[in-house]
Amino acid sequence: MTASQPAAQTGTSARPKLAFRPLPVPQVDVRGFWGDRVDAVAAKTAGILYDRCVEARMLEQIDPDRPSPGVVIPFHVSDGFTSRTVTTQMFWDSDWGKTIETAAYSLYRRRNPDLEKKIDAVIDMYGKLQQEDGYLSSWYQRIQPGLRWTNLRDCHELYCAGHLIEGAVAYFQATGKRKLLDVMSRYADHIADTFGPEPGKRKGYCGHEEIELALVRLARATGKDRYMKLAKYFIDQRGQQPHYFDEEAMARGADPKDFHFKTYEYNQSHRPVREQDKVVGHAVRAMYLYSGMADIATEYGDDTLKVALERLWDDLTTKSLYVTGGLGPSKDNEGFTNDYDLPNETAYAETCASVGLVFWASRMLGMGPNARYADMMERALYNGSISGLSLDGSLFFYENPLESRGGHHRWKWHRCPCCPPNIGRMVASIGSYFYGLADDALAVHLYGDSTARFEIAGRQVSLVQTSNYPWDGAVAIEVGPEAPVTFTLHLRVPAWCRKAALRVNGKLVDLEAATVDGYAAIRREWRQGDKVELDLEMSMARLFANPNVRQDIGRVALARGPLIYCVEETDNGGGLHRIALPREARLEARKEPNLLGGIVTLSAIGSRAETENWGHNLYRPEPPAAEETTVRAIPYFAWDNRDPGEMLVWLREG
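Per the numbering used here, residue 45 is the first one in the sequence shown, and the count goes up by one each step.
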């Protein structure tokens, strides 16, 4: 790390000794599988995000030297999640925030003077737009002046602030430039002066959670505990009575019950957060709330929040989660419906929601290494989230169904463009999800070619991973402290792995004795050149859904290691619903270096119900004839990157 790439400072909150924090992006270099994806984002996605924002007229809205564009996107849109009080134009600051964050990490990855100049100009506009008291919202300053803080329930004011804060922290960490960080710190100061438990302050919080986790990042980057306390306030205040959204509606002369979704479950403010035990409402909002709760639980050692989070985690993962790590089956509320309601073809499974699950899982790991969270983070990372981005980084999914008849494809942009920069920033910052650092321990959550640099017990240490993960489970780790240092190295042993072996400097370690909560703990004095070898069997598996999931009864999904697989028409012909895979069919894994950037495919002998001899009848007493067919499956994340056609995750078992 150079002087222009500063590490995050430590905040001043009473952080528990065993709390783990992610390493900042500039302290982790990724190669291999994730390196290719970061390169695609740096080479294409980051620039595309900027260009598409400009094409959508977002630059006009934030530039105080231009006339206001007015309302570009109308309020009345009949797509199920907007209403007469909301237009996606209100969120444009959030799109800029995520675009800046994606650009920041991309610029750290590879120099791009043209992109950096453009982002610097956007930051200059926000600096000029900011009011004397610190307030900053292009919508309420340029489109609806005079209405600030009047509708937190619907209008995303604090949500936009949160994404701009995250962009500011990222740009500072990746480039060393602090102009936006200073701008957003002033705005955060204004928000702290406006909201809080003190007399005379508003008792509100945002209808779309996000500011909570952003303030934690700001506190960690600046060392200012004021921002951590404000994040805690927003968590603690949510759902308290009298209900703030009722009061603000009455203050603006509106009926508190007259809003689009008619229930505060939609934005998780129906109860105080510590009383919540059911994952409900809008999926992305829920994931962001739980992420913020986990951050605060980590920073303050708050077991009351931890208990609530564990209840919510169990509810999600046992009743409402797709096998891909996707979540939120319904388009109507972009979120949750009933237990075990997991339709495949109509699955909404918004990219942002799976990204949000990655955020939540990674923050649960702040309270200590636990494979139940890291395994799910990995599942969502490798499947339900990166499916939202084409392999070349140029096209995007908003919805991620588990079945397609051939009409579902990635698009260049979207009227509600939250997903492209969200998946962009997550991929570009993937290094920060690999490791967690505590006072005297380092946890390795993810495997793959990478180099981490960190300080522990006053010593600088480098850790180099060498692996062809996720295609191969052999992981070699070389530890390089500047001087001998004692700490605990925690290595995740994934639940999907049936057989694993661990060696330190060639000596076999008793994995069963060393493993707690799915992590093998190695405590020793580490010296330059110490080597750790972890061999994870890349197990192939047939996965079956809980019988309460009616859409998947009699069906099977295929997995290898952390990857969920699907079949595509381009490999298997049309009519994928007619394919059946016998339980006794033998699965074979094959390396395909020239396919989809280099993948491992799965194949087996199955059968296909034939239609040729059926005749003109719709029904008949005899079943259709079946012929043998070779079933070929690819990783789910890579589908729709070749010829368009059908796709299926859950195959009939026959």
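C-beta: ideal position from N, C-alpha, C; glycine also.
If you're wondering where the values come from, they're calculated on a predicted model, not measured in any experiment.
Measuring only the C-alpha atoms, how far is residue i from residue j?
| i | j | result |
| --- | --- | --- |
| PHE125 | ASN661 | Because PHE125 carries a pLDDT of 41, less than 50, the predicted location of this residue cannot be relied on, and no value is offered for it. |
| PHE498 | ALA485 | 11 angstroms |
| GLN509 | ARG315 | 44 angstroms |
| ALA589 | GLN281 | 38 angstroms |
| GLY55 | THR131 | Reliability of the predicted coordinates at GLY55 is poor, the pLDDT of 40 falling under 50, and no value is obtained from them. |
| ARG634 | GLU581 | 15 angstroms |
| LYS247 | ALA418 | 35 angstroms |
| ASP302 | ALA293 | 9 angstroms |
| GLY617 | THR674 | 11 angstroms |
| MET691 | PRO665 | 30 angstroms |
| LEU439 | VAL529 | 46 angstroms |
| ASP244 | ALA338 | A small correction: the amino acid at residue 244 is Gly; Asp does not occupy that position in the sequence shown. Roughly 29 angstroms separates the two Cα atoms. |
| GLY641 | LEU435 | 8 angstroms |
| LYS551 | LEU490 | 23 angstroms |
| SER335 | SER511 | 30 angstroms |
| LEU93 | VAL324 | 31 angstroms |
| GLN71 | THR495 | 8 angstroms |
| ARG686 | GLY372 | 27 angstroms |
| ALA565 | HIS304 | 50 angstroms |
| ALA214 | LYS223 | 12 angstroms |
| CYS199 | GLY598 | 44 angstroms |
| GLU612 | ARG110 | 49 angstroms |
| ILE163 | VAL98 | 12 angstroms |
| ASP233 | LEU446 | 44 angstroms |
| GLY79 | ALA682 | 16 angstroms |
| VAL121 | THR129 | At VAL121 the pLDDT is 43, less than 50, meaning the model places this residue with poor confidence; the figure from the coordinates comes in the next sentence. Going from the Cα of VAL121 to the Cα of THR129 covers about 11 angstroms. |
| GLY605 | GLY267 | 40 angstroms |
| GLY412 | VAL548 | 23 angstroms |
| LEU360 | VAL399 | 15 angstroms |
| ALA557 | CYS541 | 17 angstroms |
| VAL116 | ARG197 | 22 angstroms |
Taking residue i and residue j to be in contact with their CB atoms under 8 angstroms, please state how far apart those CB atoms are, rounded to whole angstroms.
| i | j | result |
| --- | --- | --- |
| TRP136 | MET102 | 5 angstroms |
| LEU537 | ALA415 | Per the sequence presented here, residue 537 reads as Val, with Leu not at that position. The Cβ separation is near 7 angstroms, so the contact holds. |
| GLY475 | VAL74 | 5 angstroms |
| PRO500 | LEU481 | Note that residue 500 corresponds to Ile in the displayed sequence, not to Pro. Contact flag correct, Cβ pair sits at about 7 angstroms. |
| THR238 | TRP193 | 7 angstroms |
| SER229 | LEU262 | 7 angstroms |
| ALA265 | PHE216 | 7 angstroms |
| ARG155 | PRO461 | In fact, because the Cβ distance is near 26 angstroms, the residues do not count as touching under 8 angstroms. |
| SER506 | GLY524 | 4 angstroms |
Indicate whether at least one CB of chain C lies closer than 8 angstroms to the CB of residue i.
| i | result |
| --- | --- |
| GLU671 | The structure shown contains no chain C; it is built from a single protein chain. |
For the ligand NAD, I want to know if residue i counts as a neighbour, meaning its beta carbon is within less than 7 angstroms of at least one of the ligand's heavy atoms.
| i | result |
| --- | --- |
| LEU371 | The model on display carries no ligand, and the ligand NAD is accordingly not part of it. |
Would you call residue i buried or exposed, if buried means 16 or more other Cβ atoms sit within 10 Å of its Cβ?
| i | result |
| --- | --- |
| GLN285 | exposed |
| PRO679 | buried |
| ALA63 | buried |
| ASP123 | Caution is warranted here: a pLDDT of 43 is assigned to ASP123, below 50, making its placement in the model unreliable, and the coordinate value is therefore given only provisionally. Label assigned to ASP123: exposed. |
| ASN444 | buried |
| GLN504 | exposed |
| ARG407 | buried |
| THR645 | buried |
| GLU319 | exposed |
| VAL519 | buried |
| HIS252 | buried |
| GLN174 | buried |
| THR219 | buried |
| LYS456 | exposed |
| GLY573 | exposed |
| LYS543 | exposed |
| HIS771 | Nothing about residue 771 can be reported from this structure: the residues present for the chain run from 45 to 698 only. |
| LYS276 | buried |
| PRO118 | exposed |
| TYR663 | exposed |
| GLY297 | exposed |
| ALA601 | buried |
Every unbroken beta strand (DSSP E) within the segment 575-652, with a cutoff of 3 residues, ordered by chain: Within the segment 575-652, the beta strand (DSSP E) runs of at least 3 residues that lie entirely inside it are, in chain order, 584-587, 599-604, 607-612, 623-625 and 632-636.
The segment 342-359 contacting the segment 368-379, beta-carbon criterion three pairs below 8 angstroms: no
The segment 643-657 contacting the segment 618-626, beta-carbon criterion three pairs below 8 angstroms: yes
4 or more residues per run - each alpha helix (DSSP H) lying fully within the segment 223-295: List check, alpha helix (DSSP H) in window: 223-238, 255-266, 269-281 and 288-295.
Touching by the beta-carbon criterion (3+ pairs, under 8 angstroms), the segment 381-388 and the segment 564-571: no
At least 3 beta-carbon pairs within less than 8 angstroms: the segment 390-406 vs the segment 327-337: yes
Inter-stretch contact (C-beta, 8 angstroms, three-pair minimum) for the segment 429-440 and the segment 457-471: yes
Inside the segment 397-463 only - alpha helix (DSSP H) runs reaching at least 4 residues: 415-423
Runs of alpha helix (DSSP H) lying entirely within the segment 103-177, each at least 4 residues, in chain order: 136-153 and 157-173
4-residue-minimum alpha helix (DSSP H) runs that sit fully inside the segment 549-575, ordered along the chain: 555-558
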